[in-house]
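First comes the structure, then the notes that go with it.
In the working numbering, the protein residues as written are 26 to 163.
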């Protein structure tokens with residue numbers, strides 16, 4: 026169950042995400058919305074496909090973690106991934122998340138994560154994470 030403080034925080038994060046996406050991708054209407062829960066956010070638009078989960082407490086994650094469950098852009102190799110990872114990193118610092126994870130990586134997102142120093146958590150290379158402070162080095 027989310028507290029009122031959590032709800033305020035997630036609304037602030039959603040508002041920041043929408044402001045970022047409106048500016049970066051020239052959208053007219055806010056593209057991000059809450060998904061099935063208030064700590065899940067998604068964007069399903071032509072230019073951006075993004076699904077984020079925010080975990081603050083156990084039992085789902087040991088430490089406060091932002092999970093990138095889905096990420097994709099119509100235009101590739103334009104710096105969108107690096108830019109949104111920087112935005113997510115800024116959110117992580119502002120709201121005291123310790124880790125950022127990629128969940129169920131495909132070949133492209135796995136290569137992208139490797140480029141930024143993410144550590145793979147399983148033998149099949151599907152899930153990886155990095156400490157927020159280490160990501161700042163990239």
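C-beta: ideal position from N, C-alpha, C; glycine also. The model shown is predicted, which means the values in this text are computed figures rather than measured ones.
Going by the CB atoms, is the gap between residue j and residue i shorter than 8 Å?
i	j	result
residue 160	residue 152	no
residue 46	residue 71	no
residue 98	residue 105	yes
residue 94	residue 69	no
residue 58	residue 108	no
residue 142	residue 125	no
residue 92	residue 63	no
residue 121	residue 89	yes
residue 55	residue 43	yes
residue 157	residue 117	yes
Return the first residue and the last residue of the alpha helix (DSSP H) that residue i is part of.
i	result
residue 35	29–50
residue 157	157–160
I need the straight-line Cα distance from residue i to residue j, nearest angstrom please.
i	j	result
residue 123	residue 110	14 Å
residue 130	residue 66	18 Å
residue 150	residue 140	14 Å
residue 9	residue 96	Summary: the structure shown does not reach residue 9, with the chain confined to residues 26 through 163, and so no result is reported for it.
residue 82	residue 27	11 Å
residue 41	residue 76	15 Å
residue 148	residue 33	38 Å
residue 39	residue 86	21 Å
Grab the span of the beta strand (DSSP E) containing residue i for me, first residue to last.
i	result
residue 97	90–98
residue 67	65–69
In the region 113–138, which residue ranges form an unbroken beta strand (DSSP E) of at least 3 residues, counting only runs that do not cross its ends? 124–127
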